[in-house]
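To start, the structure itself, in structure tokens.
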Amino acid sequence: MKAIIQRVLSASVTVDKQLVSSIGKGVLVFAAVAPGDTEKEADSLASKVLKVKLWDDDAGGRWKKNVQEIGGEVLCISQFTLLASMKKGNKPDFHGAAGGDEARRLYQYFFEKVRHGYAPDKVQDGVFQAMMEVALVNDGPVTLELSVAPKAVPKAEAIPPLASAPPN
Numbered sequence: 049m050k051a052i053i054q055r056v057l058s059a060s061v062t063v064d065k066q067l068v069s070s071i072g073k074g075v076l077v078f079a080a081v082a083p084g085d086t087e088k089e090a091d092s093l094a095s096k097v098l099k100v101k102l103w104d105d106d107a108g109g110r111w112k113k114n115v116q117e118i119g120g121e122v123l124c125i126s127q128f129t130l131l132a133s134m135k136k137g138n139k140p141d142f143h144g145a146a147g148g149d150e151a152r153r154l155y156q157y158f159f160e161k162v163r164h165g166y167a168p169d170k171v172q173d174g175v176f177q178a179m180m181e182v183a184l185v186n187d188g189p190v191t192l193e194l195s196v197a198p199k200a201v202p203k204a205e206a207i208p209p210l211a212s213a214p215p216n
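Next comes the structure, spelled out in structure tokens:
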């Protein structure tokens with residue numbers, strides 16, 4: 049899974065000219081699900097979103113407080129385009145993003161983990177697979193990329209070929 053997290057003073061999402069969600073001070077999270085991602089990656093990413101230190105403390109210490117510690121809000125938006133590849137030409141290739149049903153299931157799992165890891169009333173959502181208008185007032189600006197990937201299965205060590213027997 050991959051996320052872009054932005055520290056914001058406010059953010060909102062509108063679908064079909066209707067306001068769906070809005071937050072005040074906090075974080076705006078654009079999240080994408082990759083093929084092979086599981087609940088483990090969603091758990092890890094949700095934890096990072098809530099624990100990343102983006103605000104100063106009261107004594108002026110830099111990067112000391114997370115969204116929970118400041119009583120901020122979270123707006124999560126599904127955005128498969130984060131996983132686009134531009135290796136060939138100028139047209140984005142989205143094969144790096146999980147398909148619709150699996151992406152929806154895992155994104156929803158991620159969103160619920162963020163909600164229940166914090167406070168459900170402080171965590172808002174966009175609309176999966178909708179054409180959304182996202183508005184934000186960036187604070188800083190502070191924008192970070194967070195990624196978690198499934199652990200690669202170690203390949204079996206190659207066994208060297210048997211030496212051929214010398215001719216008689």
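Residue numbers are given in the working numbering: position 111 of the sequence shown equals residue 159, and the series is strictly consecutive. Every residue, glycine too, gets a C-beta built ideally from N, C-alpha and C.
| query | What is the DSSP secondary structure of residue 189, counted as helix, strand or coil? | reply | Per DSSP, reduced to three states, the secondary structure at residue 189 is strand.
| task | Please work out which residues of its chain come closer than 8 angstroms, Cβ to Cβ, to residue 144, disregarding the five sequence neighbours upstream and downstream, and give them in chain order. | result | 82, 83, 131, 132 and 133
| field | Opening and closing residue of the beta strand (DSSP E) in which residue 78 lies | value | Looking at the DSSP string, the run of the beta strand (DSSP E) that includes residue 78 is 74-80.
| Contact belief for residue 100 with residue 166 at Cβ below 8 angstroms, rounded distance in angstroms | Rounded to whole angstroms, the Cβ separation of residue 100 and residue 166 is 13 angstroms, and the two are not in contact under 8 angstroms.
| field | Cβ-based neighbour list, residue 63, same chain, cut-off 6 angstroms, excluding 5 preceding and 5 following | value | 175, 178 and 180
| task | Count the other CB atoms, across all protein chains shown, that sit within 10 Å of the CB of residue 79; report buried if there are 16 or more and exposed otherwise. | result | Counting every other CB atom within 10 Å of its CB across the protein chains shown gives residue 79 a total of 16 or more, marking it as buried.
| message | In whole angstroms, give me the CA-to-CA distance for residue 75 and residue 171. | response | 10 angstroms
| request: Have a look at 97, 72, 70 and 68 and flag the residue whose alpha-carbon is nearest the alpha-carbon of residue 195. | output: 97
| field | Any alpha helix (DSSP H) of 4 or more consecutive residues that is wholly inside the region 86-111 | value | 87-99
| Can you name, in chain order, every residue of its own chain whose Cβ lies under 6 angstroms from the Cβ of residue 111, other than the five neighbours on each side? | 101
| First and last residue of the beta strand (DSSP E) that includes residue 57? | 50-63
| query | If you drop the 5 nearest sequence neighbours on each side, which residues of the same chain put their C-beta closer than 7 angstroms to that of residue 90? | reply | In the same chain as residue 90, and ignoring 5 residues on each side of it, the C-beta atoms closer than 7 angstroms to its own belong to 49, 154, 157, 158 and 161, in chain order.
| query | Of the residues 127, 135, 139 and 66, which one's Cα is nearest the Cα of residue 146? | reply | 127
| task | Alpha carbon to alpha carbon, how far is residue 140 from residue 93? Give it in angstroms, no decimals. | result | Residue 93 and residue 140: Cα-Cα distance of roughly 25 angstroms.
| The alpha helix (DSSP H) spanning residue 162 covers which residue range? | 148-165
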